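Visitor: Right, I'll just put the structure down here and ask away after.
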Amino acid sequence: MSLAPRVTQRPFEITRHGDTRVDPYYWLNQRDNEEVLAHLRAENEYLAQELSYLAPLEGELFEEIKARIEETDISVPVRRGDWWYYERTREGLNYPISCRLRVTDGVDTPPAISPDVEIAGELVILDENREAEGHDFLSVGVLAVSPDDSWVAVGVDYEGDERHRVSVRPLAGQSPLDDELEDVYYGFAWAGDSRHFFYTRVDDAMRPWQLWRHEIGTPAESDVLVMQEDDAQYNVSVGRSRDDSVILVSVSSSSTSEMYYLNSLTPTADFILIEARCQDIEYGVEHFRDRAGHDWWLKITNEDATDFRLLARRVHEEDSPWRELIAHRPGQRLDGVDTFADFLAISERYDGSSAVRIVPLLDAPDPFGEDLLARAYFVDGGPAPTTVSLSANAMYETTRLRVSISSLVTPRLVADIDVATGALTILKQQRVLGGYDATRYVTGRLWVEASDGVRIPVSIVASRDVVTRSENGELTAKGPSPFLLYGYGSYEISIDPTFSSLRLSLLDRGIIFAIAHVRGGGEMGRSWYEMGKLAQKPTTFSDFVAVAQFLVDQEWTTPAQLCARGGSAGGLLMGAVMNLAPQLFRCVVAEVPFVDALTTMLDDSLPLTVGEWEEWGNPDASPEAYRTMKSYSPYDNVRGVNDDTSARIYPHLFAAGGLNDSRVGYWEPTKWVLKLRDANPANVAYLKTELGAGHGGPSGRYDAWRDEAQVLAFIVHEVGAVS
Numbered sequence: 001m002s003l004a005p006r007v008t009q010r011p012f013e014i015t016r017h018g019d020t021r022v023d024p025y026y027w028l029n030q031r032d033n034e035e036v037l038a039h040l041r042a043e044n045e046y047l048a049q050e051l052s053y054l055a056p057l058e059g060e061l062f063e064e065i066k067a068r069i070e071e072t073d074i075s076v077p078v079r080r081g082d083w084w085y086y087e088r089t090r091e092g093l094n095y096p097i098s099c100r101l102r103v104t105d106g107v108d109t110p111p112a113i114s115p116d117v118e119i120a121g122e123l124v125i126l127d128e129n130r131e132a133e134g135h136d137f138l139s140v141g142v143l144a145v146s147p148d149d150s151w152v153a154v155g156v157d158y159e160g161d162e163r164h165r166v167s168v169r170p171l172a173g174q175s176p177l178d179d180e181l182e183d184v185y186y187g188f189a190w191a192g193d194s195r196h197f198f199y200t201r202v203d204d205a206m207r208p209w210q211l212w213r214h215e216i217g218t219p220a221e222s223d224v225l226v227m228q229e230d231d232a233q234y235n236v237s238v239g240r241s242r243d244d245s246v247i248l249v250s251v252s253s254s255s256t257s258e259m260y261y262l263n264s265l266t267p268t269a270d271f272i273l274i275e276a277r278c279q280d281i282e283y284g285v286e287h288f289r290d291r292a293g294h295d296w297w298l299k300i301t302n303e304d305a306t307d308f309r310l311l312a313r314r315v316h317e318e319d320s321p322w323r324e325l326i327a328h329r330p331g332q333r334l335d336g337v338d339t340f341a342d343f344l345a346i347s348e349r350y351d352g353s354s355a356v357r358i359v360p361l362l363d364a365p366d367p368f369g370e371d372l373l374a375r376a377y378f379v380d381g382g383p384a385p386t387t388v389s390l391s392a393n394a395m396y397e398t399t400r401l402r403v404s405i406s407s408l409v410t411p412r413l414v415a416d417i418d419v420a421t422g423a424l425t426i427l428k429q430q431r432v433l434g435g436y437d438a439t440r441y442v443t444g445r446l447w448v449e450a451s452d453g454v455r456i457p458v459s460i461v462a463s464r465d466v467v468t469r470s471e472n473g474e475l476t477a478k479g480p481s482p483f484l485l486y487g488y489g490s491y492e493i494s495i496d497p498t499f500s501s502l503r504l505s506l507l508d509r510g511i512i513f514a515i516a517h518v519r520g521g522g523e524m525g526r527s528w529y530e531m532g533k534l535a536q537k538p539t540t541f542s543d544f545v546a547v548a549q550f551l552v553d554q555e556w557t558t559p560a561q562l563c564a565r566g567g568s569a570g571g572l573l574m575g576a577v578m579n580l581a582p583q584l585f586r587c588v589v590a591e592v593p594f595v596d597a598l599t600t601m602l603d604d605s606l607p608l609t610v611g612e613w614e615e616w617g618n619p620d621a622s623p624e625a626y627r628t629m630k631s632y633s634p635y636d637n638v639r640g641v642n643d644d645t646s647a648r649i650y651p652h653l654f655a656a657g658g659l660n661d662s663r664v665g666y667w668e669p670t671k672w673v674l675k676l677r678d679a680n681p682a683n684v685a686y687l688k689t690e691l692g693a694g695h696g697g698p699s700g701r702y703d704a705w706r707d708e709a710q711v712l713a714f715i716v717h718e719v720g721a722v723s
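Numbering (this note's numbering), first residue to last: 1 to 723.
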């Protein structure tokens with residue numbers, strides 16, 4: 001066994017509200033310091049040496065992962081205007097190839113295209129493999145074809161820091177352009193003239209704060225600053241309505257929003273405010289043009305509606321009151337509305353599941369009618385827990401709605417719904433090579449009582465060898481089994497039950513997989529989120545501990561067989577539960593974990609800090625927020641042999657970070673691992689840092705599979721699963 005890497009302790013004092021904390025590893029945030037980089041390399045080498053005995057298992061898992069995936073494949077074509085757009089992947093290549101094919105028959109049914117056969121007339125829009133040549137990392141954050149189909153804007157990130165370089169490339173034989181823009185974020189929208197486009201730029205803290213207009217064929221220096229948001233809690237984003245008639249700009253914080261619009265055909269005109277921001281009021285609008293040519297706004301908002309409601313108003317009748325189309329329904333979260341020429345698609349959540357509801361509109365002066373939901377029907381996704389969501393729908397004039405359906409045992413299928421009849425046509429289902437048989441597995445949902453009596457949903461999947469399911473859907477463990485428990489619980493993000501072929505390597509080794517849908521997420525509606533944020537954030541952690549304790553008490557597993565996994569804000573969850581209940585877990589996997597939460601939220605120069613105060617609280621301004629965050633921030637609560645409490649043995653830890661991560665600094669997991677080792681020499685903690693990537697890890701799919709194989713090998717070994 002080799003010695004774990006060490007670095008010099010350089011105590012740094014941080015004082016707020018009369019309280020001083022001393023951080024011996026604060027200096028590790030110096031990204032360009034060679035001593036820091038040397039330490040990260042040493043940690044990677046230490047991990048490789050210490051886990052070298054897992055190399056055969058890791059190789060076996062990688063081959064299993066690869067063998068189940070159709071490496072040469074094609075996505076279902078999506079129609080936009082006169083073209084079908086789709087992606088190809090080819091065996092041996094890391095990245096997709098974006099293509100298009102001209103529509104020839106005038107119908108909405110996508111053509112059947114073979115993954116391994118070249119097709120006449122196919123045009124390659126972007127081959128990301130060529131784009132990645134000479135680079136260790138590639139992420140395409142902007143890929144937008146102009147309305148006249150002549151140009152494509154491509155925004156690439158070569159570092160993993162989410163700053164994109166945008167270029168404009170010809171698609172119809174024109175001469176290449178020199179247009180190149182730097183520091184572009186994800187927001188992008190072409191104007192209707194195909195000569196101008198709008199984009200957002202980030203500031204030093206990675207906040208999209210400016211909206212710019214560019215005219216193709218002109219230098220970036222002549223671009224026009226259209227809008228600038230100086231309040232550091234707000235972000236600027238831009239998009240285009242589905243009917244291409246309107247450019248929409250959103251200026252929003254995590255709790256407050258306002259929107260602007262512009263006729264797409266007059267890109268140099270001024271944007272018009274739809275509704276001014278009002279603290280803690282959120283809204284979003286979609287544009288709709290009825291058959292009589294009237295323009296409408298459809299607005300979802302939380303004003304007087306915790307779980308949101310749907311309103312409508314004519315675009316040019318600003319003084320008219322909004323008309324309510326869907327009233328507030330407590331416990332049924334209205335997530336969004338998508339507008340089409342003859343119907344609406346409503347995305348919502350209830351009872352812990354996602355759903356899509358289709359609403360045919362009336363060909364009448366009032367297209368919505370007296371009771372909108374009376375004409376609505378749900379897309380049938382099959383038995384719960386199942387995830388139903390909208391897929392790619394680019395056409396405004398269409399009679400079909402494309403949806404995606406998946407569950408923990410159902411590979412993702414893409415289907416078209418005939419809006420008039422409700423008939424579902426499966427266009428493609430993810431193919432799992434190697435003879436996947438869904439009947440070998442069981443899935444279902446448990447409900448676990450938290451410390452305050454609230455019931456927490458837990459989605460589970462397992463091999464029938466270890467879990468049975470009764471006719472009424474009740475799951476029963478045949479005995480304690482190796483177990484992987486996943487959690488997130490922040491930002492109202494829902495971790496819905498979907499299929500992963502990579503997970504089969506665990507299930508086939510007798511490991512049960514479960515998602516704890518803890519508070520702070522959005523699975524059970526807006527109130528579920530509000531019960532796990534700000535001063536109530538500790539509820540997220542106690543929920544996860546309650547689920548783990550239930551699984552042990554009910555003999556689903558044992559502490560020696562239980563692994564917890566989470567990333568980013570879910571990594572904060574992992575760190576917190578390691579401090580709260582280390583005795584419950586054999587091991588923990590924490591990827592890009594937000595574990596030095598208090599220090600980060602005190603530094604407003606860091607990316608995301610100011611914008612995150614509405615999620616975590618502002619510990620700089622509020623003593624109460626400071627005390628709350630200090631009580632759970634994982635780095636601040638590591639306990640060991642030098643503390644007043646008894647020496648604590650922590651679960652074995654696999655932590656991962658990215659040097660170029662702009663969301664969670666690489667130094668957070670780095671410092672955390674060092675502090676765990678300081679706390680008790682018996683603690684086993686490994687750190688892997690991607691030196692050429694960011695928050696999402698390696699960009700190439702084969703590299704990502706290798707990384708996952710390494711993590712799975714660690715889990716399989718730690719929980720004692722049969723390999």
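Yeah, the Cβ is synthetic: ideal placement off N, Cα and C, and Gly gets one too.
Owing to the predicted nature of the structure, the values given are computational and were not obtained by experimental measurement.
If you run the structure through DSSP and keep just helix, strand and coil, what is Lys688?
Guide: Taking the sequence shown and counting its residues from 1, one reaches residue 688 at position 688. Note: Lys688 maps to strand in three-state DSSP.
Visitor: Could you tell me the distance, in whole angstroms, from the CA atom of Arg586 to the CA atom of Leu562?
Guide: What you label residue 586 is simply residue 586 of the sequence shown in a count that begins at 1. What you label residue 562 is simply residue 562 of the sequence shown in a count that begins at 1. If you take the alpha carbons of Arg586 and Leu562, they lie about 5 Å apart.
Visitor: Taking only the alpha-carbon atoms, compute the straight-line gap between Cys99 and Leu93 and give it to the nearest angstrom.
Guide: Taking the first residue of the sequence shown as 1, we reach residue 99 at position 99. Taking the first residue of the sequence shown as 1, we reach residue 93 at position 93. Taking the straight line joining both Cα atoms gives about 16 Å.
Visitor: For the 8 Å Cβ check, are there 3 or more pairs between the region 150 to 160 and the region 168 to 181?
Guide: The answer is yes - the region 168 to 181 touches the region 150 to 160, with three or more Cβ pairs under 8 Å.
Visitor: Locate the alpha helix (DSSP H) running through Val107, then write down its first and last residues.
Guide: Walking along the sequence shown from the start, residue 107 turns up at place 107. Premise fails: Val107 is in no alpha helix (DSSP H) and is neither H nor E.
Visitor: Could you tell me which uninterrupted beta strand (DSSP E) segments, each at least 3 residues in length, are contained entirely in the region 137 to 174, listed from first to last along the chain?
Guide: Correct list: 139 to 145, 151 to 157, 164 to 170.
Visitor: For Asn680, does the three-state DSSP call read helix, strand or coil?
Guide: The residue you call residue 680 lines up with position 680 of the sequence shown. Asn680 falls in the coil class under three-state DSSP.
Visitor: Any chance the region 554 to 570 sits against the region 425 to 436, with 3 or more Cβ pairs inside 8 Å?
Guide: Touching, no.
Visitor: For Tyr158, which option in Leu177, Arg16, Ser175, Glu128 has the closest C-alpha, if you only look at C-alpha atoms?
Guide: The sequence position of residue 158 within the sequence shown is 158, counting from 1. When only C-alpha atoms are compared, the closest one is Glu128.
Visitor: Please give me, in chain order, every unbroken run of the beta strand (DSSP E) with length at least 3 that falls completely inside the region 364 to 439.
Guide: Fully enclosed beta strand (DSSP E) runs of 3 or longer: 386 to 390, 400 to 407, 413 to 418, 424 to 429.
Visitor: For Tyr53, is the classification buried or exposed, using 16 other Cβ atoms within 10 angstroms of its Cβ as the cut-off for buried?
Guide: For the purposes of this step, residue 53 is taken as residue 53 along the sequence shown, with counting starting at 1. Looking at its Cβ environment, which holds fewer than 16 other Cβ atoms inside 10 Å, Tyr53 is exposed.
Visitor: Can you tell me whether Gln710 is buried or exposed? The criterion is at least 16 other CB atoms within 10 Å of its CB, across all chains shown.
Guide: Counted from its first residue, the sequence shown places residue 710 at position 710. Per the 10 Å Cβ criterion, buried.
Visitor: Could you give the first and the last residue of the continuous alpha helix (DSSP H) run that contains Leu40?
Guide: Numbered from its first residue, the sequence shown carries residue 40 at position 40. Here the alpha helix (DSSP H) through Leu40 covers 34 to 50.
Visitor: So, do the region 377 to 396 and the region 349 to 368 have three or more beta carbon pairs nearer to each other than 8 Å?
Guide: These segments touch.
Visitor: Kindly list the residues whose CB is nearer than 6 Å to the CB of Met206, restricted to its own chain and excluding five residues on each side of it in sequence; keep chain order.
Guide: In the sequence shown, residue 206 corresponds to position 206, counting from 1. Around Met206: Pro607, Ser662.
Visitor: Taking all protein chains shown into account, decide if Arg318 is buried (16 or more other Cβ within 10 angstroms of its Cβ) or exposed.
Guide: Position 318 of the sequence shown holds residue 318. Here residue 318 is Glu; the residue named in the question, Arg, does not match the sequence. It is exposed - the Cβ of Glu318 has fewer than 16 other Cβ atoms within 10 Å.
Visitor: Using only the alpha-carbon positions, how far apart do Arg163 and Tyr186 sit?
Guide: Along the sequence shown, read from residue 1 onward, the residue named residue 163 stands at position 163. Along the sequence shown, read from residue 1 onward, the residue named residue 186 stands at position 186. Arg163 and Tyr186: Cα-Cα distance of roughly 9 Å.
Visitor: Taking only runs that begin and end inside the region 297 to 321, name each unbroken beta strand (DSSP E) of 3 or more residues, in chain order.
Guide: Counting whole runs of 3 or more residues, the region 297 to 321 contains the beta strand (DSSP E) stretches 309 to 314.
Visitor: Assess, as a yes-or-no matter, whether the region 698 to 718 is touched by the region 38 to 55 under the definition of 3 or more beta carbon pairs within less than 8 Å.
Guide: Cβ pair count under 8 Å is three or more, so yes.
Visitor: Evaluate the contact criterion for the region 61 to 70 versus the region 500 to 519: three or more CB pairs, one atom per stretch, below 8 Å.
Guide: Yes, the region 61 to 70 is in contact with the region 500 to 519.
Visitor: Quick one: what does DSSP say Val719 is sitting in, helix, strand or coil?
Guide: For the purposes of this step, residue 719 is taken as residue 719 along the sequence shown, with counting starting at 1. Coil.
Visitor: Verify whether the separation of the beta carbon atoms of Pro482 and Gly510 is less than 8 Å.
Guide: On the sequence shown, position 482 is the one that residue 482 refers to. On the sequence shown, position 510 is the one that residue 510 refers to. Contact flag set, yes.
Visitor: Tell me the rounded alpha-carbon separation between Ala513 and Ser527.
Guide: Here residue 513 is taken as the residue at index 513 of the sequence shown, counted from 1. Here residue 527 is taken as the residue at index 527 of the sequence shown, counted from 1. Reading off the sequence shown, one finds Phe at residue 513, where the question assumed Ala. Going from the Cα of Phe513 to the Cα of Ser527 covers about 27 Å.
Visitor: Quick one: what does DSSP say Ile65 is sitting in, helix, strand or coil?
Guide: The residue you call residue 65 lines up with position 65 of the sequence shown. Helix.
Visitor: Compute the distance between the beta-carbons of Val238 and Phe188, then report whether it is under 8 Å.
Guide: Taking the first residue of the sequence shown as 1, we reach residue 238 at position 238. Taking the first residue of the sequence shown as 1, we reach residue 188 at position 188. Contact: yes.
Visitor: Mind checking Ser631: buried by the 16 CB within 10 Å criterion, or exposed?
Guide: Residue numbering aside, residue 631 sits at position 631 when the sequence shown is read from its first letter. Its Cβ having fewer than 16 others within 10 Å, Ser631 is exposed.
Visitor: Can you list, in chain order, the residues of its chain with a C-beta nearer than 8 Å to that of Ala546? Leave out the 5 residues immediately preceding and following it.
Guide: Along the sequence shown, one-based indexing puts residue 546 at 546. The residues are Val448, Glu449, Ala450, Ser451, Ile456.
Visitor: So, at 7 Å on beta carbons, what are the nonlocal neighbours of Val315 in its own chain, with the 5 sequence-adjacent residues on each side left out?
Guide: Stepping through the sequence shown from its first residue, residue 315 is reached at position 315. So the list reads Asp295, Trp296, Trp297, once near-sequence residues are dropped.
Visitor: By Cβ distance, which residues of its chain are closer than 7 Å to Asn683, with the 5 residues on each side in sequence left out?
Guide: As a first step, residue 683 is located in the sequence shown; it is residue number 683 there, counting from the start. Excluding positions up to five away in sequence, the list reads Ile649, Tyr650, Leu676, Arg677.
Visitor: Name the two residues that bound the continuous beta strand (DSSP E) containing Trp27.
Guide: Mapped onto the sequence shown, residue 27 falls at position 27. Segment: none, Trp27 is in no beta strand (DSSP E) and carries neither H nor E.
Visitor: Does DSSP put Pro634 in a helix, in a strand, or in coil?
Guide: Your numbering for residue 634 matches position 634 in the sequence shown. DSSP places Pro634 in helix when its eight states are reduced to three.
Visitor: In the DSSP assignment, find the unbroken beta strand (DSSP E) run with Thr558 in it and report its ends.
Guide: Numbered from its first residue, the sequence shown carries residue 558 at position 558. No beta strand (DSSP E) contains Thr558, which DSSP labels as neither H nor E.
Visitor: Please identify the residue among His17, Val466, Glu286, Glu612 whose C-alpha is closest to the C-alpha of Leu262.
Guide: The residue labelled residue 262 in the question sits at position 262 within the sequence shown. Considering only alpha carbons, the answer is Glu286.
Visitor: Counting only the same chain and skipping the five closest in sequence on each side, list residues whose C-beta sits under 6 Å from that of Asp342.
Guide: In the sequence shown, residue 342 corresponds to position 342, counting from 1. The answer, listed in chain order, is Leu361.
Visitor: Taking Gln228 as the reference, which of Asp244, Arg242, Tyr199 has the closest Cα?
Guide: As a working mapping, residue 228 is identified with position 228 in the sequence shown. Nearest of Asp244, Arg242, Tyr199 to Gln228, Cα basis: Tyr199.
Visitor: Restricting to runs no shorter than 4 residues, where is the alpha helix (DSSP H) found entirely within the region 255 to 289?
Guide: Taking only runs of at least 4 residues, no alpha helix (DSSP H) segment lies wholly in the region 255 to 289.
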